[in-house]
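Okay, structure first, notes after.
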Amino acid sequence: MENIIKAYELAKEAYASIGVDTDAVMEQLKKIKISLHCWQGDDIAGFLFKDQALSGGIQVTGNYPGAATTVAELRQDLDKALSMIPGKHKLSLHAIYADTDEKVDLDELEPKHFATWVEWAKERGMGLDFNPTCFSHPMADSGFTISSADEKVRKFWIEHCRRSRIIGEYFGRELGMKAATNFWFPDGYKDIPVDREAPRARMMTALDEVFAGDIDEANNTNAIESKVFGIGAESYTVGSNEFCLGYASTRKKAVCLDAGHFHPTEVISDKIPTVLLFTDELLLHVSRPVRWDSDHVVIMDDELVAIAQSLVRTGLIERTHIGLDFFDASINRIAAWVIGTRNMIKALLRAMLEPTEAMKKLELGGDYTSRLAMMEELKSYPFAAVWDYYCMTMGVPVRESWLKEVKEYEQEVLLKR
Ligand code: RNT
Ligand code: ZN
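The opening position of the sequence shown corresponds to residue 788 in our numbering, with each subsequent residue numbered one higher.
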């Protein structure tokens, strides 16, 4: 502990010499909320439909023991993970995580089916986000949901999505923290379609129906998540980037940028400041695509640093909901949450420790030599000492000491399931 304080004092001086106030940065960092995705805890199984296979062209690989199978287990795991993550955050729920004994289908869901989640979040001072689940359901078996040519199928999903807005609004209102409700549709064709327009036109009309009516939405932001392809929908995805951006900007909705949903050399760090020129808010699904949309655990790679810089240097973090989206069943699932979330926060801290204004001045003054020199020198500034001190003062494990706790929990809880 003494060493952590010593290292922090030195780091504080180093940052002060370039005009950065580390204490002020940590105060700022405390206010930032990351939305943890509930589905890392149980491989996107949910509780509504037992034995329903995962569909929608997404896949969880691995068979590490201990996945949560009940609401109580998932909450216990989340609490464990949250105890190792500094700050107060949010939880992003999918519709299939409803906590109810009622036999209820997706087009019948109501706020009451999530009341215990609201209680859970309230007790922890957390927020909640929501996602309609437009997959893993017989009505999605054709590969199309809200853009289906079959009216019965389309109506079912429109109703599910409409109800999802109401649930998102309920979360935001009850918890006094704006919710983000994210609409992602797996709709697409495995092989080359004849008509690339009609499904998109149907999706547009269907979404207009979802968003029609006078549902109060002061407490909820609706976001549409685009994608380039899915397994079994390799040739054509209805909800493409252009579709979602066009829809969101003309309908005053938000876009959700998932780091794995673009062509391999495209990066969302560059899209963040572009999209926000045309929409009021933004949702992120921070993820790590390895060769495809593989949803690996988020690590401190160049793109994560760049995402954090895009948010912090611009101030656009104020209009962004930062959500995570990865699912790895080949390692301890709690460790996956902890690693990914701590990295997201750590990357934001790194970005906040930059002398942004001074660097912008260099850029505007055309001094690109100094800009590059500063960017490179900053990479070896002692941000880790600030991070360790931040974890310590926030009452969470410092460095890898959390791992021991995860291992104990694995022995005592996960392996006994
Ligand atoms: C799928 C999307 C979507 C899902 C979650 C479970 O490619 O990324 O966000 O991962 O809704
Ligand atoms: Zn996503």
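Yeah, the Cβ is synthetic: ideal placement off N, Cα and C, and Gly gets one too.
No experiment lies behind these values; they were computed from the predicted model shown.
DSSP puts Val1042 in a beta bridge; with which residues? Sequence index remark: in the sequence shown, residue 1042 carries index 255 (1-based). Answer by DSSP bridge pairing, in chain order: Ile1011, Leu1069.
Residue interval of the beta strand (DSSP E) (run including Asn918): One-based indexing of the sequence shown puts residue 918 at position 131. 914–918 is the span of the beta strand (DSSP E), which, as asked, contains Asn918.
Ligand 1 heavy atom lying under 6 angstroms from the CB of Trp971: Translated into positions along the sequence shown, residue 971 becomes position 184. Checking the Cβ of Trp971 against ligand 1 gives yes.
For Asp1089 and Val812, the rounded distance between their alpha carbons: For the purposes of this step, residue 812 is identified with residue 25 of the sequence shown, where counting begins at 1. For the purposes of this step, residue 1089 is identified with residue 302 of the sequence shown, where counting begins at 1. Going from the Cα of Val812 to the Cα of Asp1089 covers about 21 angstroms.
What are the boundary residues of the beta strand (DSSP E) that Ile821 is part of? Along the sequence shown, one-based indexing puts residue 821 at 34. Its beta strand (DSSP E) spans residues 821–824.
I'd like the list of long-range same chain contacts for Glu1150, defined as Cβ closer than 8 angstroms, with 5 residues on each side in sequence excluded. For the purposes of this step, residue 1150 is taken as the residue at position 363 of the sequence shown. The residues are Arg1158.
Out of Met871, Glu946, Phe922, point me to the one whose CA is closest to Leu896's CA. On the sequence shown, residue 896 is found 109 positions in, with the first residue counted as 1. Residue Glu946 is the option with its Cα nearest to Leu896.
Closest to Cys1178 by C-alpha separation, out of Glu814, Lys1147, Leu797, would be which residue? As a first step, residue 1178 must be located in the sequence shown, where it is residue number 391. Closest option to Cys1178, Cα to Cα, is Glu814.
Where the beta carbon is closer than 5 angstroms to any heavy atom of ligand 4, which residues qualify, in chain order? By its list of ligands, the structure shown excludes ligand 4, since it contains just ligand 1 and ligand 2.
Asn1006: CB within 6 angstroms of a non-hydrogen atom of ligand 1: Here residue 1006 corresponds to residue number 219 of the sequence shown, with the count starting at 1. For Asn1006, the distance from the CB to the nearest heavy atom of ligand 1 is not below 6 angstroms.
Taking 6 angstroms as the limit between beta carbons, can you name the residues of its chain near Lys820, skipping five residues before and five after? For the purposes of this step, residue 820 is taken as residue 33 along the sequence shown, with counting starting at 1. Correct list, in chain order: His876, Lys877.
Cα-Cα separation between Leu1044 and Ala1160, rounded to whole angstroms: Taking the sequence shown and counting its residues from 1, the one referred to as residue 1044 is at position 257. Taking the sequence shown and counting its residues from 1, the one referred to as residue 1160 is at position 373. Those two C-alpha atoms are separated by around 31 angstroms.
Given Gly1152, which residues of its chain have a CB within under 7 angstroms of its CB, disregarding the five upstream and five downstream residues? For this step, residue 1152 is matched to residue 365 along the sequence shown. Closer than 7 angstroms at Cβ, skipping near neighbours: no residue.
Measure the beta-carbon distance from Leu880 to Trp904 and round it to whole angstroms, keeping in mind my assumption that it falls under 8 angstroms. Position 93 of the sequence shown, counted from the start, is the residue given in the question as residue 880. Position 117 of the sequence shown, counted from the start, is the residue given in the question as residue 904. Rounded, the Cβ-Cβ distance is 6 angstroms, consistent with contact.
Thinking Gln795 and Ala1116 are a contact (beta carbons under 8 angstroms), I'd like their distance in whole angstroms, please. Stepping through the sequence shown from its first residue, residue 795 is reached at position 8. Stepping through the sequence shown from its first residue, residue 1116 is reached at position 329. Looking at the sequence shown, residue 795 is not Gln but Tyr. That pair is no contact at about 37 angstroms.
So with Cβ pairs under 7 angstroms, would you call Pro1051 a contact of chain B? Included in the structure is just one protein chain, with no chain B present.
Beta-carbon separation (whole angstroms), Pro973 vs Gly1017, contact threshold 8 angstroms: As a position in the sequence shown, residue 973 is number 186, starting the count at 1. As a position in the sequence shown, residue 1017 is number 230, starting the count at 1. Rounded, the Cβ-Cβ distance is 5 angstroms, consistent with contact.
Can you list, in chain order, the residues of its chain whose CB lies under 7 angstroms from that of Leu841, leaving out five sequence neighbours each side? Here the question's residue 841 lines up with position 54 in the sequence shown. The residues are Ile831, Val847, Ser923.
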